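Report on the following structure.
There are 2 protein chains.
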Amino acid sequence: MSVKNKTRYAILGVLNVSPCTGYDIKKYCDKIIAHFWNENYGHIYPVLKSLQEEGLIERVEEEIQDRKKKYAITTKGREEFLNWLKEPANYQPARSEFLLKLSFSKDLKREEIRSMILSYKEDHMKKLKDYGKMEAYIEQNQTTFDKDQRFFIHAPLRYGIISAKSVVSWCDEMLNEIDL
Amino acid sequence: MSVKNKTRYAILGVLNVSPCTGYDIKKYCDKIIAHFWNENYGHIYPVLKSLQEEGLIERVEEEIQDRKKKYAITTKGREEFLNWLKEPANYQPARSEFLLKLSFSKDLKREEIRSMILSYKEDHMKKLKDYGKMEAYIEQNQTTFDKDQRFFIHAPLRYGIISAKSVVSWCDEMLNEIDL
DNA sequence: TTCCTCATGTAATTCGTTACATGATTGC
DNA sequence: GCAATCATGTAACGAATTACATGAGGAA
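As structure tokens, then:
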């Protein structure tokens, strides 16, 4: 178990949806789950290799003609994946560079702090806009996804929306307070 | 610049408040900023050493009698720290193990998903309770902190409260939706 | 023919956590 | 005398990012 980590399960999870290549996995991360997960090639390929060595995934050779390496999850892999799913999610120690800066900002000018919060607010409003687009897309293509599928795409998205909204309202509260 | 990272600035930030030891820095992290930042000894001590080598901090020998190593930020260190403060906070790629699991949970029973969300809700309600206590403490000891100080402690705390509340309401929304 | 996307991988480095190791001091 | 806290550090490991390296195929 040379490389054992979160990536491991992210990969198994994607392969549990459907067999695909390392490249596809990266795309899935960037397109579908980007707002709460990220992966990079430098990690995907080595983990893919070690998962195969452990027998949790296997090569699928449809047409061996090309250089693509398509993988599928094995029974053993599915078992390990489901076990992981059922475990409670690990507590993740928070690390917000923004809050760290803010909490240390006593020596900055009021105006600098204002603009710091303002730009943070804008970032989150932009996020909100993106999420809105995604949500609209899911709504419009209701027929594409069945009700179950929709929940698993929609739920994390709602999470993003609600969180971003709460950040925006926090920003407003702080911008107000800072002028007093 | 052997060890250059966030820890670097977290340490400079704490030392910019007041000179202290590595041990004190750890305590500050655990007590004051734990809800949005964490550090561990294994990282603090080496970084402390390299910051000293770079001349950003220096030893303070009050009474050399004891084994304590008290550090203070230097002018050079303060300069670098303020420069960092003024830069916009780096975008941090999100990684939520909980959302990753949820989005991959299509093969779990509805009841399992319910309890997954429920326990997540409880975690955040507990957080909320802790934040409430801290907030009350600050309110009660208003005289201890001047208005400026209060803002920099209170603002991140409010952030935590607002965020946790939004998570709780998301959980309720999802628990409701899952039964439909 | 040039650029973009597809596609796979390695190496170097940095970053962060955990375990290990040690010992003084303080309060009960 | 014992436990808890104070106090400092190293080593090993594991995780994650970035840079590097390569090349095919298709579109403009």
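Line by line, the protein sequences give chains A and B. Quick note: to get this note's numbering, add 80 to the position in the first sequence (first position is 1). Quick note: to get this note's numbering, add 80 to the position in the second sequence (first position is 1). We treat Cβ as the ideally placed atom computed from N, Cα and C, and that holds for glycine. Here the structure is a predicted model, which means the values were calculated and not measured.
Would a C-beta distance cut-off of 7 Å place residue i and residue j closer than the cut-off?
i, j, result
"tyrosine 103 of chain B", "valine 94 of chain B", "no"
"serine 183 of chain A", "phenylalanine 232 of chain B", "yes"
"isoleucine 242 of chain B", "tryptophan 250 of chain A", "yes"
"leucine 92 of chain B", "phenylalanine 161 of chain B", "yes"
"phenylalanine 116 of chain B", "alanine 169 of chain A", "no"
"valine 140 of chain A", "lysine 201 of chain A", "no"
"leucine 136 of chain A", "lysine 156 of chain A", "yes"
"serine 185 of chain A", "isoleucine 193 of chain A", "yes"
"glutamate 138 of chain A", "threonine 154 of chain A", "yes"
"serine 246 of chain B", "serine 246 of chain A", "yes"
Per DSSP, what are the beta-bridge partners of residue i in this structure?
i, result
"alanine 235 of chain B", "Beta-bridge pairing links alanine 235 of chain B to no other residue."
"glutamate 119 of chain A", "Its beta-bridge partners do not exist; DSSP assigns none."
"cysteine 100 of chain A", "A:Tyr151"
"arginine 139 of chain A", "A:Tyr151"
Please classify residue i as buried or exposed, where buried requires at least 16 neighbouring CB atoms within 10 angstroms.
i, result
"tyrosine 121 of chain A", "exposed"
"leucine 128 of chain B", "buried"
"glutamate 167 of chain A", "exposed"
"arginine 88 of chain B", "buried"
"alanine 244 of chain B", "buried"
"lysine 96 of chain A", "In the sequence on display, residue 96 of chain A carries asparagine and not lysine. Per the 10 Å Cβ criterion, buried."
"alanine 90 of chain B", "buried"
"lysine 206 of chain A", "exposed"
"lysine 111 of chain A", "exposed"
"glutamine 222 of chain A", "exposed"
"lysine 106 of chain B", "buried"
"leucine 165 of chain A", "buried"
"serine 98 of chain A", "exposed"
"glutamate 257 of chain B", "exposed"
"methionine 81 of chain A", "Low confidence applies to methionine 81 of chain A: its pLDDT is 40, below 50, so where it sits in the model is not reliable enough to give any reading."
"asparagine 85 of chain B", "exposed"
*asked:* Whether or not the stretch 186–199 of chain A and the stretch 202–213 of chain B are in contact is what I'm after, with contact meaning three or more pairs of Cβ atoms, one per stretch, closer than 8 Å; do they touch?
replied: No: fewer than three Cβ pairs fall under 8 Å.
*Check whether the stretch 168–188 of chain A touches the stretch 223–238 of chain A, counting contact only when three or more Cβ pairs, one atom from each stretch, lie closer than 8 Å.*
Because the criterion of three Cβ pairs below 8 Å is not met, the stretch 168–188 of chain A and the stretch 223–238 of chain A do not touch.
*asked:* Counting beta carbon pairs with one atom in the stretch 110–124 of chain B and one in the stretch 148–168 of chain B, are three or more of them shorter than 8 Å?
replied: Segments in contact, no.
*Inside the stretch 160–219 of chain B only - alpha helix (DSSP H) runs reaching at least 4 residues*: Counting whole runs of 4 or more residues, the stretch 160–219 of chain B contains the alpha helix (DSSP H) stretches 177–183.
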